[in-house]
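S.K.: Take a look at this one; I'll ask things after.
Residue numbers (the working numbering): 5 to 385.
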């Protein structure tokens, strides 16, 4: 089944990636996701933390597969308003070397109205984390022609083009992690369109950029069944040669803090290899991706069988060459990750079998080499 059989991927990406979002104010994205579920007659719920869930359950399939992505991106929130000036609070991680002279667009609740442009005059930063780290933006002062219709709590995003595709490279303000959200939605769309058996939960978490908050809350007291297989879907910086854009989806074995479930990595790699044998155009990589942390760490340490996948990201958190720029991902990598997620969603029942067969093969191997080593040891002087 071709990717074009469902909602066109570029349409989904452009719609979703153009919606302003920031930690604690993800509601515009969550409303889009809710409408997506309603249009397909899929069960949709919020937990008490505001995380959103879409449930696709067709056939008696176990264990459930949770495909998780976060709905926020580093941005500003209007904190103070005075004549011709705005005080802005920043949520997310970005070096304080950026920002001065950059434009931001201020959005209120009515997204049918274009944002009002303000210009950053002053950056407020925190203290250095360590001798080897740079200070980060915590706020800013911006000048604006008129504060009419501007309210405390409005969202401020960098004034760059929200989405365009050029030579297979997606340029967007908010790839991290709205690309992940789009991959979850597209996977569910393909499962539904194909009528495939599966038990898939799309989990869309809040406040990742300020410390994996939505994921941690969901893991301890959310709507995720305890026997679930959890896969965190992210974009991750390709800086310093960590991965190459256009070389396929990434099975992420760990992040800056933690190594994820070996059983999950084994199963995902097995499914990726099978998919590659069936489809010569499918590409994947297997990488650590330790530039930052991902929500898989929270789910794994809080008791879930957890793995992670990601897309190689350029200009992480809009940190371009000396200025704010669009983040970038390769469209082929996105398509490959959708195919992999679909393969995983259709094959969750064989998760235990993959590990069992591998252990059985190693036990057989151990017996064979033991006999050979015993024989050779007898003849050793």
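Idealized CB from N, CA, C, for every residue including glycine.
Taking residue 54 as the reference, which of 218, 163, 109, 124 has the closest Cα?
M.R.: Nearest of 218, 163, 109, 124 to residue 54, Cα basis: 218.
S.K.: Would you kindly work out how many angstroms separate the C-alpha atoms of residue 14 and residue 190, rounded to a whole number?
M.R.: So the two alpha carbons sit approximately 11 Å from each other.
S.K.: Tell me the rounded alpha-carbon separation between residue 145 and residue 164.
M.R.: Their Cα atoms are separated by approximately 19 Å.
S.K.: Pull up the DSSP beta-bridge partners for residue 121, would you.
M.R.: Looking at the DSSP assignment, residue 121 forms a beta bridge with 109.
S.K.: Quick check: residue 311 and residue 274, are their CB atoms within less than 8 Å of each other?
M.R.: Contact flag unset, no.
S.K.: Out of 59, 118, 139, state which residue places its alpha-carbon closest to the alpha-carbon of residue 153.
M.R.: The candidate whose alpha carbon is nearest that of residue 153 is 118.
S.K.: By the DSSP assignment, the beta strand (DSSP E) with residue 366 in it spans what residues?
M.R.: Counting along the chain, residue 366 falls outside any beta strand (DSSP E), though it belongs to the alpha helix (DSSP H) covering 355-382.
S.K.: Report all residues from its chain with a CB closer than 7 Å to the CB of residue 318; omit the five preceding and five following residues, and keep chain order.
M.R.: 242, 249, 331, 332, listed in sequence order.
S.K.: With distances taken from CA atoms, which of 237, 327, 344, 39 is nearest residue 258?
M.R.: The candidate whose alpha carbon is nearest that of residue 258 is 237.
S.K.: For residue 202 and residue 61, what's the separation of their Cα atoms in angstroms?
M.R.: The alpha-carbon atoms of residue 202 and residue 61 are separated by roughly 6 Å.
S.K.: Please confirm whether residue 252 and residue 292 have their CB atoms less than 8 Å apart.
M.R.: Against a cut-off of 8 Å, the Cβ pair of residue 292 and residue 252 comes out as no contact.
S.K.: Which of the three DSSP states is assigned to residue 72 in this structure?
M.R.: DSSP places residue 72 in strand when its eight states are reduced to three.
S.K.: Rounded to the nearest angstrom, how far is the Cβ of residue 124 from that of residue 105, given a contact under 8 Å?
M.R.: Rounded, the Cβ-Cβ distance is 6 Å, consistent with contact.
S.K.: Please classify residue 239: is it buried, with 16 or more other beta-carbons within 10 angstroms of its beta-carbon, or exposed?
M.R.: Label assigned to residue 239: buried.
S.K.: Over what stretch of residues does the beta strand (DSSP E) that includes residue 239 continue unbroken?
M.R.: Taken as a continuous stretch (DSSP letters only), the beta strand (DSSP E) holding residue 239 covers 233-241.
S.K.: Whole angstroms is fine: what's the gap from residue 67's alpha carbon to residue 151's?
M.R.: Roughly 53 Å between the two C-alpha positions.
S.K.: Return the chain-ordered ranges of every beta strand (DSSP E) run that is complete within the segment 76-105 and spans a minimum of 3 residues.
M.R.: As far as the segment 76-105 is concerned, its whole beta strand (DSSP E) runs of at least 3 residues are 79-86, 89-95.
S.K.: State buried or exposed for residue 340, treating a residue as buried only when at least 16 other CB atoms are found within 10 Å of its CB.
M.R.: By the neighbour-count rule (16 or more Cβ atoms within 10 Å), residue 340 is buried.
S.K.: Is residue 205 closer than 8 Å to residue 70 when the C-beta atoms are compared?
M.R.: Going by C-beta atoms, residue 70 is nearer than 8 Å to residue 205.
S.K.: For residue 295, name the three-state secondary structure that DSSP assigns.
M.R.: Three-state result, residue 295: coil.
S.K.: Report all residues from its chain with a CB closer than 7 Å to the CB of residue 7; omit the five preceding and five following residues, and keep chain order.
M.R.: A caution first: residue 7 carries a pLDDT of 45, below 50, which makes its placement in the model unreliable, though a value can still be read off. The residues are 13, 339, 342.
S.K.: Three or more beta-carbon pairs under 8 Å between the segment 215-232 and the segment 301-310, yes or no?
M.R.: Contact holds: three or more Cβ-Cβ distances are below 8 Å.
S.K.: Cβ of residue 182 within 8 Å of Cβ of residue 20?
M.R.: Yes, Cβ-Cβ distance for residue 182 and residue 20 is below 8 Å.
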